[in-house]
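Q: Residue numbers (the working numbering): 444 to 1040.
Built from N, CA and C at the ideal position, the CB exists for glycine as well.
As structure tokens, then:
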């Protein structure tokens, strides 16, 4: 074994001390002594001991971590239990490494550009500044000696590690490696002969620098969408080029512009991975791709259609490892949640969730299933598609080509001795009839309908041919819902409501209230909003409602009767979210104009 020079040994020891792996002590003029650092306290326990979270919140986060493999800190922030600043400060105490908030730090962009992009993405590091020959480096894992050594070699300096959070790192990557710029750089490398489709059996999306340029273009679009929390990606051909847009919190945002030939090649590559016919560019096609992006597994639902200017593609991003929300995180008010929990405890009957596409109906159904899931119950679902995996539950996907439709799958489920049945959607009279019969014969049935209101679901079932007496005997309640954007808590601005806002909210003239408006910051990408929550109306089938159904009364009569007995409508639920500071008057009015104008 070759002995290292004394100076190199001292440098290695200094690095280990800075990382917290060793402690150093010296007595007077004597030699310096090194010893293993004491084992650090667990982050979750530190947060509980400090009174920042409860033991129950920690257990919920740990259960989610066991299922997804996500970092505990990210889970705690996503659940709203701790702020980013609080988490960073606690990690600093735990690890003995200074925490840096990247969104407020003056990062040296030239230094960031000097480090190869693959180093940043692979090692999860970001250089901050050069102080003499010392490189200040933000890291998710300050104990990663390999990452420190790699950065030191590339930037030619001694590395001083700083701690940052995963959310901060994602924000910095999105800022400095913005998809439009990356795509532009990669397009410069595309040769004309590369425009043909590039067949590949790979299903892992990586940031490999040796991948063909068109593959890197597609990868950049997908990874950027994942980082910013997009749910959909659209490739839209136009006269001169093709736009790439992503949907974030329900709003479409422009991300990149591609030449026609490049857009066609990117779509062709995705079609190859989805097993679609790349020679067919006019007929609508749809397929799925299971891929891994930054260590997380995603189920991509690809749909293509020919347009006047080329093939259009829509991609739905489903995180297969995403943990389902509990009822307490859907946005229900306390009284609504208590009522729903009481209904879900019933041994039989039907609970319906209604709303337009993208209003969160499936999430609500899964939250209900999670709430009532017990090992003593046989729970089965028929879905199109199966969006999330539920442990201990039998999930059957609709396969129209194989003859498995909702009604066929539901008939098969009822022969499997189920206690609880979830039907992804009631689309036709056959499925409606079987679901009603199941609810009448001792099963708890959960399902969705596409109607604009809770009362509209009842009228829709009547139109499908369900007899009124069967409807009143089987349906327990209908929940109507929408999603509304939440204000970014890091930058929302407090103000006194104006007279016109007071009037719009239906407040008394002298009742001056404090509201919040969107402002925009680096935390929310200057949008002022971050995330969405549900607004609900819960129509419970009581005697007055039953009489109206039996007499086949219209939606307006049913809604009026429901409000008389205390039902909170979607409009009043949204209004309350404004008064609670969850959202803004502007977002409430936008939703009102879109839904109820």
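DSSP on residue 812, reduced to helix/strand/coil?
A: Here residue 812 refers to the residue found at position 369 when the chain shown is read from its first residue. DSSP places residue 812 in helix when its eight states are reduced to three.
Q: Can you check DSSP and say which residues form a bridge with residue 957?
A: Locating residue 957 in the chain shown gives position 514, where the first residue counts as 1. Partner(s): 939.
Q: My guess is that residue 708 and residue 657 are in contact by the Cβ rule of under 8 Å, so how many angstroms apart are they, rounded?
A: The residue you call residue 708 lines up with position 265 of the chain shown. The residue you call residue 657 lines up with position 214 of the chain shown. Right, the Cβ-Cβ distance comes to about 5 Å (below 8 Å), so this counts as a contact.
Q: How would you write the range of the beta strand (DSSP E) that residue 734 sits in, first residue to last?
A: Here the question's residue 734 lines up with position 291 in the chain shown. Residue 734 -> beta strand (DSSP E) spans 728-736.
Q: For the alpha helix (DSSP H) that contains residue 778, what are its first and last residues?
A: Numbered from its first residue, the chain shown carries residue 778 at position 335. Its alpha helix (DSSP H) spans residues 777-787.
Q: Using 8 Å for Cβ pairs, my map puts residue 909 next to residue 958. What's the rounded Cβ distance?
A: Along the chain shown, one-based indexing puts residue 909 at 466. Along the chain shown, one-based indexing puts residue 958 at 515. Actually they do not touch by this definition, with Cβ atoms about 44 Å apart.
Q: With 16 as the cutoff for other CB atoms within 10 Å, does residue 645 come out buried or exposed?
A: Indexing the chain shown from 1 puts residue 645 at position 202. Residue placement at residue 645 is poorly supported in this model, since its pLDDT is 37, which falls under 50; the coordinates are not used for a value here.
Q: Between residue 998 and residue 795, how many whole angstroms is the CB-CB distance? I'm expecting something under 8 Å.
A: Your numbering for residue 998 matches position 555 in the chain shown. Your numbering for residue 795 matches position 352 in the chain shown. Contact flag wrong, Cβ pair sits at about 15 Å.
Q: So, using beta-carbon positions, are residue 557 and residue 598 closer together than 8 Å?
A: Here residue 557 is taken as the residue at index 114 of the chain shown, counted from 1. Here residue 598 is taken as the residue at index 155 of the chain shown, counted from 1. Yes, the Cβ-Cβ distance between residue 557 and residue 598 is below 8 Å.
Q: Nearest to residue 888 by CA position, among 902, 894, 868, is which residue?
A: Taking the first residue of the chain shown as 1, we reach residue 888 at position 445. When only C-alpha atoms are compared, the closest one is 868.
Q: Determine the direct distance from the alpha carbon of residue 827 to that of residue 719, and round the result to whole angstroms.
A: Here residue 719 corresponds to residue number 276 of the chain shown, with the count starting at 1. Here residue 827 corresponds to residue number 384 of the chain shown, with the count starting at 1. Approximately 19 Å between the Cα atoms of the pair.
Q: Return helix, strand or coil for residue 502, following the three-state DSSP convention.
A: Position 59 of the chain shown, counting from 1, holds the residue named residue 502. Of the three classes helix, strand and coil, the one that applies to residue 502 here is helix, per DSSP.
Q: For residue 675 versus residue 760, is the C-beta distance shorter than 8 Å?
A: Locating residue 675 in the chain shown gives position 232, where the first residue counts as 1. Locating residue 760 in the chain shown gives position 317, where the first residue counts as 1. Yes, the pair counts as a contact, with Cβ atoms nearer than the cut-off.
Q: Measuring CA to CA, which of 521, 1025, 497 is closest to residue 507?
A: Here residue 507 refers to the residue found at position 64 of the chain shown. Considering only alpha carbons, the answer is 521.
Q: Measure the alpha-carbon distance for residue 1007 versus residue 605 and round it to whole angstroms.
A: Mapped onto the chain shown, residue 1007 falls at position 564. Mapped onto the chain shown, residue 605 falls at position 162. Taking the straight line from one Cα to the other gives about 59 Å.
Q: For residue 874, which residues in the same chain have their Cβ closer than 7 Å to its Cβ, ignoring the five residues on either side in sequence?
A: Working through the chain shown from its first residue, we reach residue 874 at position 431. Taken in chain order, the residues that qualify are 849, 850, 853, 866.
Q: What is the residue span of the alpha helix (DSSP H) that residue 708 lies within?
A: As a first step, residue 708 must be located in the chain shown, where it is residue number 265. 703-716 is the span of the alpha helix (DSSP H), which, as asked, contains residue 708.
Q: Okay, do the region 947-962 and the region 976-985 touch, 3+ Cβ pairs below 8 Å being the bar?
A: Judged by Cβ distances under 8 Å, the region 947-962 makes no contact with the region 976-985, as fewer than three pairs qualify.
Q: Leaving out the 5 sequence neighbours to the left and right, which residues in its chain are closer than 7 Å to residue 1034 when beta-carbon positions are compared?
A: Here the question's residue 1034 lines up with position 591 in the chain shown. Excluding residues within five positions, the ones whose Cβ falls inside 7 Å are 925, 927, 1017.
Q: With a cut-off of 8 Å on the beta carbons, I'd call residue 712 and residue 661 a contact; round off their distance for me.
A: Taking the first residue of the chain shown as 1, we reach residue 712 at position 269. Taking the first residue of the chain shown as 1, we reach residue 661 at position 218. Rounded, the Cβ-Cβ distance is 6 Å, consistent with contact.
Q: Taking only three categories from DSSP, how would you classify residue 1038?
A: Indexing the chain shown from 1 puts residue 1038 at position 595. In this structure, residue 1038 counts as helix in the three-state DSSP scheme.
Q: Could you pull the start and end residues of the beta strand (DSSP E) that residue 983 belongs to?
A: Taking the first residue of the chain shown as position 1, residue 983 is located at position 540. Unbroken beta strand (DSSP E) run through residue 983: 972-983.
Q: What does DSSP give as the partner residues of residue 742 in its beta bridges?
A: Residue 742 sits at position 299 when you count from the first residue of the chain shown. 733, 761, per the DSSP bridge assignment.
Q: For a minimum of 4 consecutive residues, which ranges assigned as the alpha helix (DSSP H) are wholly contained in the region 982-1015?
A: DSSP runs (the alpha helix (DSSP H)) wholly in the region 982-1015: 986-993, 998-1007.
Q: Going by DSSP, which residues form a beta bridge with residue 530?
A: Looking up residue 530 in the chain shown gives position 87. Answer is none; residue 530 lacks a bridge partner.
Q: Near residue 612, what residues of its chain come up, given a Cβ to Cβ distance below 8 Å and the 5 sequence neighbours on each side ignored?
A: For the purposes of this step, residue 612 is taken as the residue at position 169 of the chain shown. The answer, listed in chain order, is 545, 567, 569, 581, 583.
Q: Does DSSP put residue 514 in a helix, in a strand, or in coil?
A: Here residue 514 refers to the residue found at position 71 when the chain shown is read from its first residue. DSSP places residue 514 in coil when its eight states are reduced to three.
Q: Hey, how far is the Cα of residue 736 from the Cα of residue 744?
A: Here residue 736 refers to the residue found at position 293 of the chain shown. Here residue 744 refers to the residue found at position 301 of the chain shown. Answer to the nearest angstrom: the Cα atoms are 15 Å apart.
Q: For residue 691, which residues of its own chain have a beta-carbon under 7 Å away from its beta-carbon, when the five flanking residues on both sides are left out?
A: One-based indexing of the chain shown puts residue 691 at position 248. Closer than 7 Å at the Cβ level, and outside the excluded window around residue 691, lie 671, 672, 673.
Q: Which two residues bound the contiguous alpha helix (DSSP H) that contains residue 924?
A: On the chain shown, residue 924 is found 481 positions in, with the first residue counted as 1. Segment 918-930 is the beta strand (DSSP E) holding residue 924; no alpha helix (DSSP H) there.
Q: Are residue 914 and residue 1001 closer than 8 Å when you measure CB to CB?
A: Your numbering for residue 914 matches position 471 in the chain shown. Your numbering for residue 1001 matches position 558 in the chain shown. No, these two residues do not count as a Cβ contact at 8 Å.
Q: Short check: CB of residue 770 to CB of residue 814, under 8 Å?
A: Within the chain shown, the letter at position 327 stands for residue 770. Within the chain shown, the letter at position 371 stands for residue 814. Yes, they are a contact pair.
Q: Mind checking who residue 489 pairs with in its DSSP beta bridge?
A: Against the chain shown, residue 489 aligns to sequence position 46. None; residue 489 has no bridge partner.
Q: Touch check for the region 494-509 and the region 536-554: three-plus C-beta pairs under 8 Å?
A: At 8 Å Cβ cutoff, the stretches do not touch.
Q: Can you tell which of 753, 792, 526, 811 has the C-alpha that lies nearest to the C-alpha of residue 781?
A: Residue mapping note: residue 781 aligns to position 338 of the chain shown, counting from 1. It is 811.
Q: Is residue 749 helix, strand or coil by DSSP?
A: Position 306 of the chain shown, counted from the first residue, corresponds to residue 749. Residue state, collapsed to three classes: strand.
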